[in-house]
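Notes to accompany the following structure.
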């Protein structure tokens, strides 16, 4: 019988990454070191992403902003997917990306918006409904 920590990790991972078909970081890590992969996953998903100090939606918007600013497009795609899974609206995601343009520059913002558009297309959420933009 799984313990509470294992259940929490599995529940959090399912909430974030369900339906994401590309390789997830955990799957990559497993190919190199199974024990280390489990340890990293326990920390990232079981400790950080399972915390309830911030709502999941806020935590994903923070992750999206940070990844956008750093230009980490592959990981950004994963977290945009996770953000949609936990209830972030496409306009909230785009707004968090527009915000980083001030700090990280417009090229970083533009690259992130291209990634967002790609994910929204995959989810049949593109083009955005401009009538609800206000």
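In our numbering, the protein residues as written are 2 to 135. Note that beta-carbon positions come from the ideal geometry of N, C-alpha and C, so glycine has one too.
Continuous alpha helix (DSSP H) stretch holding residue i: start and end
{"i": "residue 123", "result": "107-123"}
{"i": "residue 5", "result": "5-18"}
Same chain only: Cβ atoms within 7 Å of residue i, ignoring 5 sequence neighbours per side
{"i": "residue 61", "result": "80, 83, 84, 87 and 89"}
{"i": "residue 41", "result": "30"}
{"i": "residue 135", "result": "Note that residue 135 has pLDDT 46, beneath the 50 cutoff, so the model's placement of it is unreliable and the number below is only indicative. So the list is empty, once near-sequence residues are dropped."}
{"i": "residue 14", "result": "46"}
Residue i classed as buried or exposed, judged by whether at least 16 other C-beta atoms fall within 10 angstroms
{"i": "residue 49", "result": "exposed"}
{"i": "residue 37", "result": "exposed"}
{"i": "residue 47", "result": "buried"}
{"i": "residue 78", "result": "buried"}
{"i": "residue 97", "result": "buried"}
{"i": "residue 18", "result": "buried"}
{"i": "residue 92", "result": "exposed"}
Closer than 8 Å to chain B by CB, residue i
{"i": "residue 60", "result": "Within the model displayed, chain B is absent; a lone protein chain is all it includes."}
Inter-residue CB distance, residue i and residue j (contact presumed, cutoff 8 Å)
{"i": "residue 70", "j": "residue 104", "result": "6 Å"}
{"i": "residue 64", "j": "residue 100", "result": "Between residue 100 and residue 64 the Cβ distance is about 13 Å, and since that is not below 8 Å, they are no contact."}
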